[in-house]
Amino acid sequence: MDGLRIAVQHHGSGDDGLDESLTAHGAEVVSLTVYRWGPPSDPAALTRAARLAGAGGADAVLFTSAPGATGWLDAAARAGTLEAVRERAQAGALVLASVGPVTSAALTARDLPVLEAERARMGSLVRTVVRHFAAFS
1184 MDGLRIAVQH HGSGDDGLDE SLTAHGAEVV SLTVYRWGPP SDPAALTRAA
1234 RLAGAGGADA VLFTSAPGAT GWLDAAARAG TLEAVRERAQ AGALVLASVG
1284 PVTSAALTAR DLPVLEAERA RMGSLVRTVV RHFAAFS
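Residue numbers (my numbering): 1184 to 1320.
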């Protein structure tokens, strides 16, 4: 890789170690971060949302990034509602919907059922959730 200039596009959680590995092999690396995920500006709102979902005050929670899903699940765990979220989701009373397989992995790693978008796009996620609920009306 000596002398190669390689651009690496990173996802929302940032550096994944690829830059260092390529650099160690002699490449010049240009990092591109298209978007970045970070902690919520209002952590209390995140906690309220997790509690609401666990207590039956929400029918669905939609996730658009793996770091966002992990952050929400961590907030639910800290709030003591993750098990209630799991029970509601497994019973079909709460839909946990994901934009795609990378985001879904954060949920399935905690034994949560996931409704996944047909295409890894926000519009597809919304259509998937609307179709899910339309089947019950």
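Beta carbons: idealized from backbone N, C-alpha and C, even for Gly.
All of these numbers come straight from a predicted model, not from anything done at the bench.
Residues of its chain near residue i, where Cβ-Cβ distance is below 7 Å and the 5 sequence neighbours each way are ignored
i: Ser-1307; result: Ala-1300, Glu-1301
i: Leu-1245; result: Ala-1280, Leu-1308, Val-1312
i: Ala-1190; result: Val-1213, Leu-1215
Top-ranked residue by Cα proximity to residue i, from the options
i: Thr-1146; options: Leu-1235, Gly-1221, Ala-1190; result: Because the chain here runs from 1184 to 1320, residue 1146 falls outside it and cannot be looked at.
i: Gly-1237; options: Ala-1260, Pro-1284, Trp-1220, Gly-1221; result: Ala-1260
i: Trp-1220; options: Ser-1248, Ala-1241, Gly-1209; result: Ser-1248
i: Leu-1215; options: Ser-1204, Ala-1233, His-1193, Val-1268; result: His-1193
i: Pro-1284; options: Pro-1250, Asp-1202, Arg-1271, Glu-1203; result: Pro-1250
i: Ala-1233; options: Gly-1275, Ala-1292, Arg-1269; result: Arg-1269
i: Arg-1314; options: Ala-1243, Ala-1262, Leu-1295, Ala-1274; result: Ala-1243
i: Thr-1253; options: Pro-1296, Gly-1186, Ala-1292; result: Ala-1292
i: Leu-1277; options: Glu-1266, Leu-1201, Ala-1241; result: Ala-1241
Own chain partners of residue i with C-beta closer than 6 Å, once the 5 adjacent residues on each side are dropped
i: Leu-1229; result: Pro-1223, Ala-1258
i: Ala-1210; result: Met-1184, Leu-1187, Ile-1189
Nearest-angstrom Cβ-Cβ length linking residue i and residue j, presumed shorter than 8 Å
i: Val-1212; j: Thr-1206; result: 5 Å
i: Ala-1288; j: Leu-1256; result: Their Cβ separation, rounded to whole angstroms, is 12 Å, which puts Ala-1288 and Leu-1256 out of contact at 8 Å.
DSSP-derived helix/strand/coil call for residue i
i: Glu-1301; result: coil
i: Ser-1281; result: strand
i: Leu-1308; result: helix
i: Ala-1274; result: coil
i: Ala-1190; result: strand
i: Leu-1245; result: strand
Own chain, CB closer than 8 Å to residue i, minus 5 neighbours either side, in chain order
i: Arg-1304; result: Val-1282
i: Thr-1311; result: Ala-1280, Leu-1298, Glu-1299, Ala-1300, Glu-1301
request  = With a floor of 3 residues, list each beta strand (DSSP E) that falls wholly inside the region 1208 to 1240, ordered by position along the chain.
outcome  = Along the length of the region 1208 to 1240, whole beta strand (DSSP E) runs at least 3 residues long occupy 1211 to 1216, reported in chain order.
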